[in-house]
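Working notes for the structure below.
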Amino acid sequence: MRVFCGECKTTRANDADATAFDPSLACATCERPCTIPTVFQCAQFGLLDELKFLLGEMVAVDINMRDDTNATLLHWAALNNRILLMMYLLEQPNIDVNAKGGELQSTPVYWAAHRNHVYAVALLLEHGADPNIHDINGMNTLFVAVQSGLTILSAYLVAMGCPVDCRSLDEHRNTPLLWLCRYAFDLDTMRMLYGLGASVHATDANGNTGLHHAARSDVVKAVKFLLDHGADVHARNNDGETPLDVSKGVAREIQARSEGRKTAACLGFLTKVTSYEASYTTFPLSVLKAHPAQTAFWLPWLVLGLGAWCLHALHGFWMIATGFVATGAVAYSLFQVAGLSVNPSKRKNAALMLGVNVGSTFWLLLVFGVELYPRVSTWATLVQCALALGIPICLYVTATRDPGFIPTSYEERLQNIRALVDLKSRSDIKLCTTCVQRRPLRSKHDAELNMCVARFDHYCPFVANAVGANNHNYFFGFLFFAVAAIGFELLLLTSYFRDEGIGALNYGDMPFVLFHDYPVVTAAFILASVHLLWIGYLFGFNVYGILFSWTTNEVVLSQRQPNPSANQTHHSVYSRGWLQNSLDFFHVRKSSPLYVNWRVHHFYDVRDLHAKTATDVESKEA
Numbered sequence: 001m002r003v004f005c006g007e008c009k010t011t012r013a014n015d016a017d018a019t020a021f022d023p024s025l026a027c028a029t030c031e032r033p034c035t036i037p038t039v040f041q042c043a044q045f046g047l048l049d050e051l052k053f054l055l056g057e058m059v060a061v062d063i064n065m066r067d068d069t070n071a072t073l074l075h076w077a078a079l080n081n082r083i084l085l086m087m088y089l090l091e092q093p094n095i096d097v098n099a100k101g102g103e104l105q106s107t108p109v110y111w112a113a114h115r116n117h118v119y120a121v122a123l124l125l126e127h128g129a130d131p132n133i134h135d136i137n138g139m140n141t142l143f144v145a146v147q148s149g150l151t152i153l154s155a156y157l158v159a160m161g162c163p164v165d166c167r168s169l170d171e172h173r174n175t176p177l178l179w180l181c182r183y184a185f186d187l188d189t190m191r192m193l194y195g196l197g198a199s200v201h202a203t204d205a206n207g208n209t210g211l212h213h214a215a216r217s218d219v220v221k222a223v224k225f226l227l228d229h230g231a232d233v234h235a236r237n238n239d240g241e242t243p244l245d246v247s248k249g250v251a252r253e254i255q256a257r258s259e260g261r262k263t264a265a266c267l268g269f270l271t272k273v274t275s276y277e278a279s280y281t282t283f284p285l286s287v288l289k290a291h292p293a294q295t296a297f298w299l300p301w302l303v304l305g306l307g308a309w310c311l312h313a314l315h316g317f318w319m320i321a322t323g324f325v326a327t328g329a330v331a332y333s334l335f336q337v338a339g340l341s342v343n344p345s346k347r348k349n350a351a352l353m354l355g356v357n358v359g360s361t362f363w364l365l366l367v368f369g370v371e372l373y374p375r376v377s378t379w380a381t382l383v384q385c386a387l388a389l390g391i392p393i394c395l396y397v398t399a400t401r402d403p404g405f406i407p408t409s410y411e412e413r414l415q416n417i418r419a420l421v422d423l424k425s426r427s428d429i430k431l432c433t434t435c436v437q438r439r440p441l442r443s444k445h446d447a448e449l450n451m452c453v454a455r456f457d458h459y460c461p462f463v464a465n466a467v468g469a470n471n472h473n474y475f476f477g478f479l480f481f482a483v484a485a486i487g488f489e490l491l492l493l494t495s496y497f498r499d500e501g502i503g504a505l506n507y508g509d510m511p512f513v514l515f516h517d518y519p520v521v522t523a524a525f526i527l528a529s530v531h532l533l534w535i536g537y538l539f540g541f542n543v544y545g546i547l548f549s550w551t552t553n554e555v556v557l558s559q560r561q562p563n564p565s566a567n568q569t570h571h572s573v574y575s576r577g578w579l580q581n582s583l584d585f586f587h588v589r590k591s592s593p594l595y596v597n598w599r600v601h602h603f604y605d606v607r608d609l610h611a612k613t614a615t616d617v618e619s620k621e622a
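Encoded structure:
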């Protein structure tokens, strides 16, 4: 039997007789005499054999006995994650699994959750523990997990029956989400709660929403998250205050403490959002505001068209400059009406970027049709039209097709987290805290679309969609046709300038002649050159990624390693040779046993991917 050192909190075994205590033994660390442990010390330090022995020596055993802190044996075992000892205690017929103890009058499952002992919590719940029992402060087990930012444990408690919008029993009547916004914001836990159905519109006893609490805590990330998910910026609490009013009060407090040097971080953000909501209420601005995506999409078309018109119709430097200033003023006004500067995000700006993409293509084709078509041969026209036709086709499919979503229903999310804990999965398992599912290799949660995407490459605002396993080949097609069409038009424009004798001019006169005599064609040449540079770069990068099995996301993550250049090779860990990588990317030879569709074939370890390849090759050779 082991004896206990109260000073070092360690034990020492009796080597001479394993069935008896030897209190004469000294501690190996501090050399002080050891003592026979109490039953509560046995529970605390996992001394199962010693506990059984001591309980057997008792005349009348109360398995729910309490120490001087009013805690039971099960409390101490749960707090210290003594699973085997807990299993022994839970087998006892009269064990009270929901006994309240300690200063907070809380249950063993509450104590286990406080230390993030997920498997201890699971064991207690399996034996009837109630996570909804509150302590003297009105907090239940879910609140304990949320307060500590324990995302997986919080999700597991919800999956096992804790209402995600349960209320504290104090005077505030907060939900876990409200508490998170007010006291200790954690983005992963917030995403998890929202993914499991937590309401962003819930209010506490004083009528405060999560947005009020986030403003009081002055956490911009919390405010942005809530607004992105539909929180009401105009909601008023019982005192008639909006979140902006609360933020103004916080700003006054901060300014008073800092003598005017600082202010609330959320004040400017909430002011801008609230002001925008109250602006542009008259026709036709109200219509444009009501359709922000359409307004943003057509904005580049208008700007490029007006700019071309200024170059074509106006004469003289100051007239053209005035036209450009007026065009800029119109663009800025529409930008503000569409709300693109208010709570910006990639998805919100995607309509604008898509408009730049499509609008530029349209105006370049218009220049070809008006200026170049009468001068070029039929075959050149056919080639340009064929290449140009590929752009909208591939762009449309890329923008509208499911990029490779890995969908989960609410019930599936609950099952996923239960399975993750019940199977005692490894700690390195990648869990999406929003979708509450195990993420396959190469997948990533896209914050803009709020879904996990298989073989995630990146979210591209120029196509207003994520690029993933299901549409990356069409995105590559868009890049190919764009580079080919723009490059071919640049060749035709160069030939146009040569036919006009521009090449014979000296370099000093050339800019004046180009912008004075051929303003629209010159502007088109510059626009095409700019687009060719960045689209050409993307095209080359994607060719490299296809051949060596890299995604944009993986390249970015690899650069974040402590030493990104160490052991760096061209091929990624997922590469199976440039030929097979290319066949998989373009979904060629789907019937081949070597074919991998990352949306369908979910791998959780890179060794499984290469094992599949090796197995398929062996079976093919056999």
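Note that the UniProt record's numbering has the sequence shown beginning at 1, numbered continuously upward. Glycine residues also receive a C-beta, built at the ideal position from the N, C-alpha and C atoms.
Taking the alpha-carbon of Leu199 as reference, which of Tyr183, Trp179, Asn206, Arg216 has the nearest alpha-carbon?
Here residue 199 corresponds to residue number 199 of the sequence shown, with the count starting at 1. The displayed chain sequence assigns Ser, not Leu, to residue 199. With distances taken between Cα atoms, Ser199 lies closest to Trp179.
In the DSSP assignment, find the unbroken alpha helix (DSSP H) run with Tyr459 in it and report its ends.
Translated into the one-based positions of the sequence shown, residue 459 becomes position 459. It is not in any alpha helix (DSSP H) - Tyr459 instead sits in the beta strand (DSSP E) that spans 458–460.
Report yes if the CB atom of Gly477 is closer than 8 Å to the CB atom of Cys385, and no otherwise.
Along the sequence shown, one-based indexing puts residue 477 at 477. Along the sequence shown, one-based indexing puts residue 385 at 385. Contact: no.
How about the segment 201–217 and the segment 242–249: do they share at least three Cβ pairs that are nearer than 8 Å?
yes
Can you name, in chain order, every residue of its own chain whose Cβ lies under 7 Å from the Cβ of His602, other than the five neighbours on each side?
The sequence position of residue 602 within the sequence shown is 602, counting from 1. Excluding sequence neighbours, His602 sits near Pro440.
Name the two residues that bound the continuous beta strand (DSSP E) containing His445.
Walking along the sequence shown from the start, residue 445 turns up at place 445. Per DSSP, the continuous beta strand (DSSP E) segment holding His445 begins and ends at 444–446.
Kindly confirm or deny that the segment 442–461 and the segment 391–407 touch, where touching means at least three C-beta pairs closer than 8 Å.
yes
With DSSP as the reference, label Leu609 as helix, strand or coil.
In the sequence shown, residue 609 corresponds to position 609, counting from 1. Correct three-state label for Leu609: helix.
Would you check if there are 3 or more beta carbon pairs closer than 8 Å linking the segment 110–122 to the segment 140–154?
yes
Excluding the five sequence neighbours on either side, which residues of its own chain have a C-beta within less than 7 Å of the C-beta of Ala622, listed in chain order?
In the sequence shown, residue 622 corresponds to position 622, counting from 1. Residue confidence for Ala622 is low, a pLDDT of 45 falling below 50, so the modelled location carries little weight; the figure read from the coordinates is stated next. Here the set comprises nothing.
Could you pull out every residue in the same chain whose Cβ sits closer than 8 Å to the Cβ of Leu123, ignoring the five residues on either side in sequence?
Translated into the one-based positions of the sequence shown, residue 123 becomes position 123. Cβ neighbours of Leu123 beyond the five flanking positions: Ile83, Met86, Met87, Leu90.
DSSP beta-bridge partners for Val453?
Within the sequence shown, residue 453 is the residue found at index 453, counting from 1. DSSP, once it has assigned bridges, lists Phe405, Lys444 as partnering Val453.
Are the beta-carbon atoms of Met192 and Leu177 separated by less than 8 Å?
By one-based count along the sequence shown, residue 192 stands at place 192. By one-based count along the sequence shown, residue 177 stands at place 177. No.
Give me the Cβ distance between Val164 and Leu196, rounded to the nearest whole Å; I'm assuming they're in contact under 8 Å.
For this step, residue 164 is matched to residue 164 along the sequence shown. For this step, residue 196 is matched to residue 196 along the sequence shown. That pair is a contact at about 5 Å.
Does the separation of the CB atoms of Leu169 and Gly138 fall below 8 Å?
Stepping through the sequence shown from its first residue, residue 169 is reached at position 169. Stepping through the sequence shown from its first residue, residue 138 is reached at position 138. For Leu169 and Gly138, yes; Cβs fall inside 8 Å.
List, from N- to C-terminal side, the beta strand (DSSP E) runs of 3 residues or more that fit wholly inside the segment 348–405.
Every candidate beta strand (DSSP E) stretch fails here, since none sits fully inside the segment 348–405 while reaching 3 residues.
Going by the CB atoms, is the gap between Val397 and Tyr474 shorter than 8 Å?
Sequence index remark: in the sequence shown, residue 474 carries index 474 (1-based). Sequence index remark: in the sequence shown, residue 397 carries index 397 (1-based). Yes; because the gap between Cβ atoms is below 8 Å, this pair is in contact.
Quick one: grab the DSSP three-state call for Arg252.
Looking up residue 252 in the sequence shown gives position 252. Residue state, collapsed to three classes: helix.
Spatial neighbours of Ala447 within its chain, please: C-beta separation below 7 Å, excluding the five flanking residues on both sides.
Stepping through the sequence shown from its first residue, residue 447 is reached at position 447. No residues qualify anywhere along the chain.
N-terminal and C-terminal residue of the alpha helix (DSSP H) that Val287 is part of:
Looking up residue 287 in the sequence shown gives position 287. Per DSSP, the continuous alpha helix (DSSP H) segment holding Val287 begins and ends at 285–290.
Return the CA-CA distance between Leu514 and Asn357, expressed in angstroms with no decimal places.
One-based indexing of the sequence shown puts residue 514 at position 514. One-based indexing of the sequence shown puts residue 357 at position 357. Their backbone Cα atoms lie some 25 Å apart in a straight line.
With DSSP as the reference, label Cys266 as helix, strand or coil.
Along the sequence shown, read from residue 1 onward, the residue named residue 266 stands at position 266. Residue state, collapsed to three classes: helix.
What's the C-alpha gap between Leu365 and Asn174?
One-based indexing of the sequence shown puts residue 365 at position 365. One-based indexing of the sequence shown puts residue 174 at position 174. Cα to Cα, Leu365 sits roughly 59 Å from Asn174.
Excluding sequence positions up to five away, which residues of its chain have a Cβ less than 6 Å from the Cβ of Ala350?
What you label residue 350 is simply residue 350 of the sequence shown in a count that begins at 1. Closer than 6 Å at Cβ, skipping near neighbours: Pro461, Ala464.
Does the Cβ-Cβ distance between Asp135 and Leu104 come in under 8 Å?
Your numbering for residue 135 matches position 135 in the sequence shown. Your numbering for residue 104 matches position 104 in the sequence shown. Yes, Cβ-Cβ distance for Asp135 and Leu104 is below 8 Å.
For residue 623, write down the residues that DSSP places opposite it in a beta bridge.
For the chain, the structure presents residues 1 to 622; residue 623 sits outside this window and is missing.
Nearest-angstrom Cα separation, counted from Val250 out to Gly101:
Your numbering for residue 101 matches position 101 in the sequence shown. Your numbering for residue 250 matches position 250 in the sequence shown. For Gly101 and Val250, the distance between alpha carbons rounds to 39 Å.
Quick check: the segment 430–440 against the segment 225–233, are there 3 or more CB pairs under 8 Å?
no
Quick one: give me the first and last residue of the beta strand (DSSP E) that Val467 is part of.
Locating residue 467 in the sequence shown gives position 467, counting from the first residue. Where Val467 is concerned, the enclosing beta strand (DSSP E) stretches over 465–467.
Three or more beta-carbon pairs under 8 Å between the segment 569–578 and the segment 533–550, yes or no?
Contact between the segment 569–578 and the segment 533–550 is present, because at least three Cβ pairs lie under 8 Å.
Nearest residue (CA-CA) to Ala99, options Asn80, Leu74, Asp239, Gln92
For the purposes of this step, residue 99 is taken as the residue at position 99 of the sequence shown. When only C-alpha atoms are compared, the closest one is Leu74.
Span separating the alpha-carbon of Asn506 from that of Phe512
One-based indexing of the sequence shown puts residue 506 at position 506. One-based indexing of the sequence shown puts residue 512 at position 512. C-alpha separation (whole angstroms): 11 Å.
Gln561: buried (16+ other C-beta within 10 angstroms of its C-beta) or exposed?
On the sequence shown, residue 561 is found 561 positions in, with the first residue counted as 1. Gln561 comes out exposed.
Quick check on DSSP: helix, strand or coil for Ser106?
Within the sequence shown, numbered from 1, the residue matching residue 106 stands at position 106. The three-state secondary structure of Ser106, taken from DSSP, is strand.
Restricting to Cα atoms, I'd like to know which of Val606, Val325, Ala293, Gly316 is closest to Leu306.
Taking the sequence shown and counting its residues from 1, one reaches residue 306 at position 306. Checked all of Val606, Val325, Ala293, Gly316; the closest Cα to Leu306 is Val325.
Using the rule of at least 16 other Cβ atoms within 10 Å of the residue's Cβ for burial, across every protein chain shown, is Pro131 buried or exposed?
Locating residue 131 in the sequence shown gives position 131, counting from the first residue. It is buried - the Cβ of Pro131 has at least 16 other Cβ atoms within 10 Å.
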